[in-house]
Structure formats: structure tokens, C-alpha cells
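Reviewing the structure listed below.
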Amino acid sequence: MALSTRIILINALLFAAGTAVLAFSPATVSARPLLSEVVVLGVGLAVIVSANAFLVRGTLQPLERLVGELDRTRASDPMARVTVASGGIAGRLATAVNDLLGRIEGGQRGEQLATLAGQEAERSRIAQELHDGVGQSLTALLLDLGNLADGEDAPDPQRLARARETARASLDEVRAVARQLRPHVLEDLGLRSALVALTTDLFAGDATHVDRGIAPGLPDLDETTELVVFRVAQEALTNVARHASAATVTLTLGRRGSWVELEVADDGVGIPAGADGTGLRGMRERASLVDGRLEVGRRDGGGTVVRLGVPVAP
Amino acid sequence: MKSPARILLVDDHALVRRGVRMILDQQPDLTVVAEAGDGAEAVAVARETAVDLVVLDVAMPRMTGLEAARQLSRRPEAPRILMLSMHDNEQYFFESLRAGASGYVLKSAADRDLVDACRAALRGESFLYPDTERALVRDYLERLRRGESLPRAVLTDREVEVVKLVAEGHPSREIARLLTISVRTVERHRENILGKLGMRDRTELTRYAIRVGLIEP
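Here is the structure:
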């Protein structure tokens, strides 16, 4: 039974009882009430009020208890569940609250798991690169140097040259790994240079032609926003380089009203229908960190467009 | 004999400084007269000690090499500046030029290029970042194709042949084979071409980088 109906019914019942007593009992009230009549009326009123208090409190008390319990639950970490006492309205409310809490926690756990899995995959990739690349070249260098030290008095210039080239190669590998981890060019030279460098890194010596349109005099973005724009561009451009087989990719960055907009468009094969990989999710998450909006769609005439808008102060 | 050029060496890694110093001090025309561990120290040392050339690491704590280069090059009788860097990246090259440096040498190629770059800087020439030459001559050919008038560029026929091969990415050895001339001759042609096209000139290089959108105007 709905809570309001129940309270209305309780009140109606008590009023009906009062009215019945007045109608059918011999009690009368004169035009100028006598003291005895006032006493009788007072007693009747007290009875009705007490009965009302008893019945209404009985109905509402479980709800009040639930409110108290919710406060305690809010303060606890991890969130405890509220106890489901009765089958009444309070019970139903408690069940609903528990269900919501469960869903929120489940969602959070899912996100954390995805983030953790992403981090682990990244770490294992880096470890692999360090191990297979730098580790191997340094081992080779060590062996070469050992050989040179054990050899005749004047070291063989060819072997020396090889050792030098090996050291150079390991430096290049270290640099490549470091660059993936942290875009130093962004910190040192700013977003424009970082975006230009990104296109150069990804498409130099590639069949894909790059068209850059980075408007001059863009408003200063804060560090977090710059990093978001950079990472989204990186993800989008990497996708183009890996999957799109595009003839041309266009990168534009410009201001539109109170937004700074980044657009990466290519004329390649387009994203497969329903694709929503970790890359896309990552871009969305990053965009939402700075209240940005992200659209990913098919470009007219084939290919893909990724558009990111981040708000800037007017 | 002329006295050797005085060099201030700036890098936050003592091991790198030691290695670089060893290479430079072996040359009869170069000598390291002072060292510094960061940009701010470099600016202070350059105030005390007269130097002809500052070799600066791009990335350092306290004051980056780029900022130090800016401050050093603003001085009257500013020393020549050469950047030393881990970053294999054209933007750093052009930003370095704009900050007042004459050249940019990758640390991973320092053993090979550093001495030449120091000498080029002391002569007042830019030491080109690898790949930049190719990008520059490609841009030159493109502008030529579009019919832009390029006043200074009067190349000989042989030089034009070399330019085309450089633009296609052939190394000197290969160009020498293709044109049946010696590698030395190819290198000399390349030098002359860069000079004629104004690509030894810091200001012109910076202008180029701005025009093609590599750095912000």
C-alpha cells in the first residue's frame, strides 16, 4: 500500500471513529459548553491524537531508521549495505538503495580492472622493448668491448667502429622508448611543435601525405588540457598510420567560439562498424577529464574523422 | 698558429661532460676552458669567462639549454652556441636556431658530428640537423616547380642533379656512384648548394621553418 494512502486511511479511520462517537453517544455539547462537557471533549481529543500518533509513527519510523542508516552507510568505506528490515516501503527502499550501490561498485570495479589491464599491457610492452632492444644491443656492446680489451695492442678499427654503432643503436632505442612514454617536446616546445613532431614521427617515409593546419595564436591551454589534446591526436593519428591505409590525413587545430577544436580526418578505409576498442574509450575518458566533447565518425567520401573540442575561457 | 677556440661545456651529466671534453680537447684548434652543470650556471660562467663557443645540452634542470641559449645570445659579443641533444626531432633543431644557436648535434651522433659542428659554429655557419637537408631541398624543388622566383638560387647543372638525388634521399656515397664522381666532390657540391640556397644561414632557416609551419611565428 502506498505511504500516502496509508496515512490518509489512518486519519480517515480516526475521524470516522470520532464522528461516530459524537453521533451515537448520549454526549452533547451545549451552546455554552459546561466544564464537564469540555473535559469529555478534551479526553476524546487526547484519545484521537494518541491513536493517530501511534499509528502514523508506526508507519514512518522504519523510514526514519533507514535515513539514519543511510547516513552511516555514506560515511563508511567501502560502502556498507543497509539492512532490509521489513517488506514495507522502507524495505523496498533499502533493497533499491542496495541494488544501486552494488551497480556503482560493479561499474567502478570494471573501470579499475580495465585501467589496470591497460597499464599492465603497456608496462609489459615497454619491458619487452627494453629487453629485446636496448638489452640485446648493450649485451652485444659488452661482448665487443670485452673482445677488444682481450685482443692485441692496437684494437681493430673495424671492431671499434662496430662497437660505436652498437652503442648508437642502443641510444636510439632508449630514445624511442622514452619518447613513447613522455612527450618531452610538448613540455619543452608546446602543443604546436608536439603535434608537428607527432606527424613527422608517424608518417615520415610513409605513403600517407600529411596536411597540417594549426592556427596561429591559439589561446593558452593548461597543462592537462594540452596533454589531453596531444594524446587524443596521438591515438587518432596512430590509428590512421596503422589501420587506415589513407592517402591523406588532415590535422587541424583551431579555435571555434569558446572551444579549441582538434580534428584528425583521413581518406582511408574507415572504422569498422561497431568498433569501440580501448583506444576509442581512452580518447573518450581523456576528453571527459577536461569537460571536452569527442566525436568519432565516418567521413563523407570514406575514411574517419575524430573531432575533439575542449572548452577555453572566452 | 691561431690560439685554439675557447669552449664552455654545459651538461648536467658529468659523465657526458667528461666524454665530450675528451673529444674536444683532442683537437688542436679547440679547448674546453670551463664547464657548467645547468643553464643558470652556464649564463653565470659565461659572464666571468671569455669563451668563443658554448656547447649546451638542450634539456637540463633549473634552466633549460634553450632558455640559456636565448639569454646568452642576447649579450653583446655573444659567443657562438651549439646545442647537444637527446631528441631526434626537427622542432628542437629549429627552436634552437631561433634561440640563437648555430647548430644542433644529436648525442647519439656526437662522436661523429660534434667536432665538425663546433668548427661550423665557430665559422658562423649552421650545422644542419640530419634529414633537414633533405626536407629543405625538397621544399626548394617544390617552390621551383610552382614557379616561385628564388633570386639567390643559381645552381649549376651538376648541382641541380645533386639536389634532386638528395631530395630522393640518396646518401653521398650513392650519389657519387650514380654521377660517377668522388664522394668528396659530392660533399663539396652539397656544401655549395646549401650555401647558395641560404641554408647555412640561421635567419633563413628559421624563416623556412615558420613558413612551412614547423614552428610558431
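Heads up: the protein sequence lines correspond to chains A and B, in order. Going letter by letter, the first sequence gives residues 1 to 314 in the numbering used here. Going letter by letter, the second sequence gives residues 315 to 531 in the numbering used here. Built from N, CA and C at the ideal position, the CB exists for glycine as well. Since this is a predicted model, take the numbers as computed values, not measurements.
Excluding the 5 residues flanking A:L316 on each side, which residues of the same chain have their C-beta closer than 6 Å to its C-beta? Coverage of chain A is limited to positions 1 through 314, which leaves residue 316 of chain A absent and any answer about it impossible.
Please state whether the Cβ-Cβ distance between B:V535 and B:V480 is less than 8 Å. Chain B is shown from 315 up to 531; residue 535 of chain B falls before or after that span and cannot be answered.
Going by C-alpha distance, which of B:E475, B:V368, B:L380 and B:T378 is nearest B:R394? Of the residues B:E475, B:V368, B:L380 and B:T378, the one whose Cα lies closest to the Cα of B:R394 is B:V368.
Heavy atom of the ligand SAM within 7 Å of A:L227 beta-carbon: The ligand SAM is not part of the structure shown, which contains no ligands of any sort.
When the Cα of A:G190 is compared with those of B:I529, B:I524, B:R521 and B:V500, which residue comes out closest? Comparing Cα-Cα distances from A:G190 to each of B:I529, B:I524, B:R521 and B:V500, the minimum goes to B:I529.
Counting only beta-carbon atoms, is B:T446 nearer than 8 Å to chain A? It does not; no Cβ of chain A falls within 8 Å.
Chain A contacts made by the segment 392 to 403 of chain B, where a contact means CB separation under 9 Å: Per Cβ criterion, the list reads M400, H401, D402 and N403.
List, in chain order, every chain B residue whose beta-carbon is nearer than 9 Å to that of A:I214. What A:I214 touches in chain B: G527 and E530.
Nearest-angstrom Cα distance between A:V310 and B:C432? Cα to Cα, the separation comes out at about 45 Å.
Bridge partner(s) assigned by DSSP for B:M397: Under DSSP, the beta-bridge partners assigned to B:M397 are B:L370 and B:Y418.
Using the beta-carbon count (16 or more within 10 Å), is A:S4 buried or exposed? A:S4 should be labelled exposed.
Does the count of Cβ pairs from the segment 315 to 329 of chain B and the segment 252 to 272 of chain A closer than 8 Å reach three? Output reads no: the segment 252 to 272 of chain A does not touch the segment 315 to 329 of chain B.
Where B:T378 meets chain A, residues with beta-carbon distance less than 9 Å: Per Cβ cutoff of 9 Å: D188.
In terms of alpha-carbon separation, which member of B:R331, B:A358, B:E362 and B:V359 lies closest to B:S399? Of B:R331, B:A358, B:E362 and B:V359, the residue nearest in Cα terms is B:R331.
According to DSSP, residues forming a beta bridge with A:R256: A:W259, per the DSSP bridge assignment.
For a quick check, are the C-beta atoms of A:L160 and A:L253 less than 8 Å apart? Against a cut-off of 8 Å, the Cβ pair of A:L253 and A:L160 comes out as no contact.
Selected residue, minimal CA-CA separation from A:E165, among B:S387, B:A392 and B:A424: Nearest of B:S387, B:A392 and B:A424 to A:E165, Cα basis: B:A424.
For chain B, is any of its Cβ atoms less than 8 Å away from the one on A:R164? Proximity of A:R164 to chain B, defined by a Cβ-Cβ separation below 8 Å, is satisfied.
What is the rounded straight-line gap between the Cα of A:E69 and the Cα of A:I8? Taken atom to atom, the span from the alpha-carbon of A:E69 to that of A:I8 is near 27 Å.
Return the residues of the segment 420 to 436 of chain B that lie within a Cβ-Cβ distance of less than 9 Å from chain A, sorted by chain order. Those residues of the segment 420 to 436 of chain B that come within reach of chain A (Cβ to Cβ, closer than 9 Å) are L420, K421, S422, A423, D425 and R426.
Please name the residue or residues paired with A:G213 in a DSSP beta bridge. A:G213 pairs with A:T252.
Hey, quick one: how far does the alpha helix (DSSP H) through A:P311 stretch, first residue to last? For A:P311, there is no enclosing alpha helix (DSSP H); the residue is found in the beta strand (DSSP E) stretching over T304 to P311.
Mapping DSSP to helix, strand and coil, what is A:R293? Note: A:R293 maps to strand in three-state DSSP.
Taking only three categories from DSSP, how would you classify A:T5? Taken through DSSP and simplified to helix, strand or coil, A:T5 comes out as helix.
Identify the contact partners of B:Q385 in chain A, using a Cβ-Cβ distance below 8 Å as the criterion. The premise fails here: B:Q385 is roughly 16 Å from chain A at the closest Cβ pair, so nothing lies under 8 Å.
Can you name the residues of chain B whose CB is closer than 8 Å to the CB of A:D172? Contacts between A:D172 and chain B, judged by CB atoms closer than 8 Å, involve D402 and S422 in chain order.
Is there a C-beta anywhere in chain A that falls below 8 Å from the one on B:Q405? With 8 Å as the cut-off, B:Q405 counts as an interface residue toward chain A.
Which value, in whole angstroms, describes the spacing of the CA atoms of A:A149 and B:L492? Straight-line spacing of the CA atoms in A:A149 and B:L492 works out to 40 Å.
Thinking C-alpha only, which one of A:D300, A:R298, A:G301 and A:V306 is nearest A:G292? The shortest Cα separation from A:G292 among A:D300, A:R298, A:G301 and A:V306 belongs to A:V306.
Counting only beta-carbon separations shorter than 8 Å, does A:T200 have a partner in chain B? By this cut-off, A:T200 is an interface position.
Residue from A:A75, A:A287, A:D77 and A:V97 with nearest C-alpha to A:T83: The shortest C-alpha separation from A:T83 is found at A:V97.
Let's see if you can read the secondary structure: which residues bound the beta strand (DSSP E) around B:T345? L344 to A350 is the extent of the beta strand (DSSP E) around B:T345.
Since I believe A:A236 is in contact with A:H209 (beta carbons under 8 Å), could you give me their beta-carbon distance rounded to a whole number of angstroms? About 16 Å separates the CB atoms of A:H209 and A:A236; that is not less than 8 Å, and the two are not in contact.
For a contact defined as C-beta to C-beta under 8 Å, what are the partners of A:G184 on chain B? At residue 184 of chain A the sequence reads His, which differs from the Gly that was named. Going along chain B in sequence order, the residues near A:H184 (Cβ under 8 Å) are A373 and H401.
By alpha-carbon positions, which one of A:T199, A:R179, A:R182 and A:A169 ends up nearest to A:D132? Closest in C-alpha terms to A:D132, from the list A:T199, A:R179, A:R182 and A:A169, comes A:A169.
Separation of A:R231 from A:V296, as counted between CA atoms: Looking at the two C-alpha atoms, the distance is approximately 15 Å.
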